[in-house]
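For our numbering, count along the sequence shown from 1 and bump the result up by 5.
From the three backbone atoms N, C-alpha and C, an ideal C-beta is built for every residue, glycine too.
Treat the numbers as computed from the prediction; the structure is a model and nothing was measured.
Data block below; observations after.
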Amino acid sequence: MNDGFSLTVGRAVLRLTLGDLTEVAADALVNAANSRLAGGGGVDGALHRAGGPAIAEECRRIRAERGGCPPGEAVLTTAGRLKARGLIHTVGPVWRGGQAGEDEVLRRAYQNSLRLAVAHGLRTVAFPSISTGAYGFPVARAARVALRALLDFLASPEGQSLAEVQLVLHTPEDYAVYRSALAELSGQRPLP
Ligand code: ADP
């Protein structure tokens, strides 16, 4: 895990880091889940393995009560043994070529995750790169949507109780893509 790159937005810090989300300490970690909250591969499988069975148990209860979590929405469970107070499960869009509302669903996944954090008094939140693994969303486009959503939320009245939002990128390639997207959106040039 490196210290990454950070930017102050409103009262909060937006940080990009290269690392493993299962090792991050924050009030809330965000899982890139599927609609059935059934657990899967990628970051979802890694968070369930590291956090232990209490997470899947609570996911089962939510599935039984309300059928799961639609794309763009978010639900909160225990974080089990993870270094967090809560685990937010959000469901990104499956990439279908870019004309099926994927950008909007991805934007809402980030926004609704932060809304849920704020509603529960969770002030530091760490996300993975939602939808850019098994769901096939192109990383450069996902980075712009994700960062725009996070920057907008942090600058809005709703976002003022948040202290830090972190995006934890799993590969140096993804980190570089997010780093240049952030430079573009915040009007800064990336450092060499
Ligand atoms: P999705 O189904 O939303 O595409 P994936 O888990 O397949 O979710 O991939 C989302 C992103 O999570 C990918 O960029 C992948 O590299 C990344 N990822 C996988 N494992 C981890 C981890 N332990 N920490 C952070 N990111 C991870």
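Can the beta-carbon of residue i be found closer than 8 Å to that of residue j?
i: Gly114; j: Val99; result: Note on residue identity: the sequence assigns Ala, not Gly, to residue 114. Cβ atoms of Ala114 and Val99: not closer than 8 Å.
i: Gly73; j: Ala33; result: no
i: Ala122; j: Val173; result: no
i: Leu26; j: Tyr183; result: no
i: Val150; j: Leu187; result: no
i: Leu23; j: Gly9; result: yes
i: Gly85; j: Ala59; result: yes
Can you tell me whether residue i is buried or exposed? The criterion is at least 16 other CB atoms within 10 Å of its CB, across all chains shown.
i: Gly164; result: buried
i: Thr129; result: buried
i: Thr13; result: exposed
i: Gly56; result: buried
i: Pro197; result: Since pLDDT at Pro197 reaches only 49, below the 50 mark, its modelled position is unreliable, and the value read off the structure follows with that caveat. Answer is exposed; the Cβ neighbour count stays below 16.
i: Gly138; result: buried
i: Arg101; result: exposed
i: Ser118; result: buried
i: Ala30; result: exposed
i: Pro133; result: buried
i: Pro104; result: Inspection of the sequence shows that residue 104 is occupied by Gln rather than by Pro. Per the 10 Å Cβ criterion, exposed.
May I ask which residues mark the beginning and end of the alpha helix (DSSP H) holding residue i?
i: Val182; result: 177–190
i: Val48; result: 47–56
Within the present structure, is the beta-carbon of residue i separated from the nearest heavy atom of the ligand ADP by less than 7 Å?
i: Pro205; result: Beyond the ends of the chain as shown, which are 6 and 197, falls residue 205; an answer cannot be given.
i: Gly44; result: no
i: Thr137; result: yes
i: Gly47; result: yes
i: Leu26; result: yes
i: Ala51; result: yes
i: Tyr140; result: yes
i: Thr83; result: no
i: Thr22; result: no
i: Ala61; result: no
i: His175; result: yes
i: Ala37; result: yes
i: Asp179; result: yes
Does residue i get closer than 8 Å to chain C when you measure Cβ to Cβ?
i: Ala37; result: Structure shown: chain C not included; a single protein chain is present.
Following the continuous beta strand (DSSP E) through residue i, name the residue where it begins and the one where it ends.
i: Ser11; result: 10–14
i: Ala37; result: 33–37
i: Val18; result: 17–23
i: Thr82; result: 79–82
Would you say the beta carbon of residue i is closer than 7 Å to some non-hydrogen atom of the ligand FAD?
i: Gly97; result: This structure lacks the ligand FAD; the ligands present are the ligand ADP.
Length-filtered (4 minimum) alpha helix (DSSP H) runs lying within the region 91–168: Segments of the alpha helix (DSSP H) lying fully in the region 91–168: 107–124, 144–160.
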